[in-house]
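Take the sequence shown: its letters are residues 0 to 283, numbered as in numbering that gives the first Met the number 0.
Beta carbons are placed, not taken as given, at the ideal position from N, Cα and C, and that holds for glycine.
Note that the structure is predicted; figures quoted are calculated from it, not measured.
Notes follow once the structure below has been shown.
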Amino acid sequence: MYTLHSDINKRTVRVRGKIMPRKKRLGDLLLAAGVIRQEDLDKALAVQAGSDRRLGYLLINMDIISEKDLQSVLSEQLGIPIIDIHGTFNKEIKNLLPRYLCKKYNVIPLALADHNLLTIAMVDPSDHEAVTLIERYTGKVLQPCLASHSDIDSAIARYIPWSPRDLFNRQNGWKLTGAAVLLALALTILMVVQYNSDRARARFGTKQVTKTAVLYQHHDLILKFERSGKITLSGHGAHARGSYSITFNSLDSLKQFIKNKRNDLSLEQQKWINWVLGNQTQST
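As structure tokens, then:
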């Protein structure tokens with residue numbers, strides 16, 4: 000049995016008594032190339048703590064380093080070429096890695112070769128966590144190439160289809176929850192609007208506005224107010240033997256008729272007519 004000793008403050012790992020060089024991380028490579036300062040790296044690492052955001056993405060978005068400088072350093076330090084995604088992508092493997100993992104690790108699979116080798120474009124090929132996880136997920140051996148964050152993002156949107164795996168994962172869970180909340184809120188608002196509309200219809204009936212008239216209808220009565228000034232009352236009084244169909248030349252003459260015929264009308268009909276007259280007076 001062998002012993003494994005590691006120290007995050009050292010650059011080596013001891014395995015079976017041998018000193019093995021520790022794989023350099025992105026921050027180490029950029030510091031060694033002199034393109035960032037230690038204090039800038041510390042700021043980015045502090046922002047990264049507790050999140051799934053990749054260090055390269057943060058360094059670029061915090062304006063600490065440009066995409067071009069990041070690619071140049073990684074290509075030189077790691078000996079990895081910068082690749083043209085659109086000229087290399089093989090559509091036969093578009094379903095190999097789900098979109099949410101591509102976006103999480105800033106990668107996109109490009110082509111599958113002999114001996115189970117998967118060529119993959121990465122913003123940060125020194126991201127050993129991403130390499131290990133993707134190899135386990137796909138069962139392939141990764142052969143990383145370099146590409147910019149913007150190129151990978153646009154390629155993911157263009158080439159990698161949505162799948163059920165993108166919906167049912169923790170990364171997108173908050174989006175589904177948010178969508179469900181918005182849908183529930185929209186349905187609630189719709190139900191409230193419909194309820195209020197039904198309630199108003201039950202209380203006040205319907206109102207129809209045309210180019211030539213305004214028409215109110217409720218409790219077996221219809222009141223029509225024409226633009227010319229004529230008013231027509233038609234329908235059936237609750238306590239009357241027959242039906243009405245009378246045209247008035249003024250609002251006062253209609254009011255006088257209602258006053259004379261109030262015994263023919265139910266209390267609900269009288270209240271409704273008074274509401275219509277008040278509403279129509281406010282509208283004119």
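Inset, instruction - Within its chain, find whatever has a CB closer than 6 Å to the CB of G277; leave out the 5 residues flanking it on each side and keep chain order. - result: Sequence-distant partners of G277 (beyond 5 residues in either direction) whose C-beta falls short of 6 Å from its own C-beta are missing from its chain.
Inset, instruction - For the beta strand (DSSP E) containing F247, list its first residue and its last residue. - result: Membership of F247 in the beta strand (DSSP E) is indicated by the continuous run S242 to F247.
Legend entry - Contact set for K206: own chain, Cβ-Cβ below 6 Å, skip 5 residues either direction: The beta carbon of K206 is closer than 6 Å to those of Y215 in its chain, skipping five residues each way along the sequence.
Legend entry - Run of the alpha helix (DSSP H) containing G26, from where it starts to where it stops: Run containing G26: L25 to A32, per the alpha helix (DSSP H) assignment.
Legend entry - Residue nearest to S249 in terms of C-alpha spacing, selected from K229, G241, Y243 and S265: Taking S249 as reference, the option from K229, G241, Y243 and S265 with the minimal CA-CA separation is K229.
Inset, instruction - State buried or exposed for S284, treating a residue as buried only when at least 16 other CB atoms are found within 10 Å of its CB. - result: This structure leaves residue 284 out entirely; the chain is present only between 0 and 283.
Legend entry - Nearest-angstrom Cβ-Cβ length linking L96 and Y56, presumed shorter than 8 Å: Their Cβ separation, rounded to whole angstroms, is 18 Å, which puts L96 and Y56 out of contact at 8 Å.
Inset, instruction - Tell whether a beta-carbon distance below 7 Å holds between I82 and L111. - result: Cβ distance not < 7 Å, so I82 and L111 don't count as in contact.
Inset, instruction - State the start and end residues of the unbroken alpha helix (DSSP H) segment that holds E75. - result: Element bounds for E75: E66 to L77.
Legend entry - N- and C-terminal bounds of the beta strand (DSSP E) containing L214: Per DSSP, L214 belongs to the beta strand (DSSP E) from A212 to H217.
Legend entry - A212 versus R261: straight-line alpha-carbon distance, rounded: Roughly 25 Å separates the two Cα atoms.
Legend entry - Within 7 Å, strictly: CB atoms of S233 and Y243: At a Cβ-Cβ threshold of 7 Å, S233 and Y243 count as neighbours.
Inset, instruction - List the endpoints of the continuous beta strand (DSSP E) containing L232. - result: Counting along the chain, the beta strand (DSSP E) containing L232 begins and ends at I230 to H235.
Inset, instruction - Compute the beta-carbon to beta-carbon distance between I188 and I151, rounded to the nearest angstrom, for a pair I have assumed lies under 8 Å. - result: Cβ atoms of I188 and I151 stay farther apart than 8 Å, at about 40 Å.
Legend entry - Unbroken alpha helix (DSSP H) run spanning V130, endpoints: H127 to T137 is the span of the alpha helix (DSSP H), which, as asked, contains V130.
Legend entry - I63: first and last residue of the uninterrupted beta strand (DSSP E) it sits in: Boundaries cannot be given for I63, as no beta strand (DSSP E) includes it and DSSP labels it neither H nor E.
Legend entry - Cβ pair Y99, D51 closer than 7 Å: Contact check for Y99 against D51 fails: the beta carbons are separated by 7 Å or more.
Inset, instruction - Grab the span of the alpha helix (DSSP H) containing F88 for me, first residue to last. - result: Judged by DSSP secondary structure, F88 falls outside any alpha helix (DSSP H); it is assigned neither H nor E.
Legend entry - Continuous alpha helix (DSSP H) stretch holding V122: start and end: Segment: none, V122 is in no alpha helix (DSSP H) and carries neither H nor E.
Inset, instruction - For W271, count neighbouring Cβ atoms within 10 angstroms of its own Cβ and tell me buried if that reaches 16, exposed if not. - result: Classification of W271: buried, given that the 10 Å Cβ count is 16 or more.
Inset, instruction - Report the partner residues of I328 according to the DSSP bridge assignment. - result: Summary: the structure shown does not reach residue 328, with the chain confined to residues 0 through 283, and so no result is reported for it.
Legend entry - From R240, K210, R202 and T246, residue whose alpha carbon lies closest to that of L289: Since the first and last residues shown for the chain are 0 and 283, residue 289 lies out of range.
Inset, instruction - Count the other CB atoms, across all protein chains shown, that sit within 10 Å of the CB of S147; report buried if there are 16 or more and exposed otherwise. - result: Per the 10 Å Cβ criterion, buried.
Legend entry - C-alpha distance - V191 paired with S65, whole-angstrom precision: Distance between the alpha carbons of V191 and S65: 52 Å.
Inset, instruction - State the CB to CB distance for the pair L117 and V140, rounded to an integer number of angstroms; the pair is presumed to be in contact (CB under 8 Å). - result: For L117 against V140, the beta-carbon gap comes to about 7 Å, under 8 Å, which counts as contact.
Legend entry - Nearest to K113 (by Cα), restricted to the options Q142, F88, D123 and M121: First, the amino acid is wrong: residue 113 is Asp here, not Lys. Nearest option by C-alpha distance: Q142.
Legend entry - Residue span of the alpha helix (DSSP H) that contains I257, given as start and end: It spans L250 to N259 - the alpha helix (DSSP H) in which I257 sits, taken as one unbroken run.
Inset, instruction - Label D41 either buried or exposed according to how many other C-beta atoms from any shown protein chain fall within 10 Å of its C-beta, with 16 as the threshold for buried. - result: Counting of Cβ neighbours within 10 angstroms places D41 among the exposed residues, the total staying below 16.
Legend entry - Integer Cβ distance of D123 from L25, believed to fall under 8 Å: Yes, they are in contact, since the Cβ atoms of D123 and L25 sit about 5 Å apart, within 8 Å.
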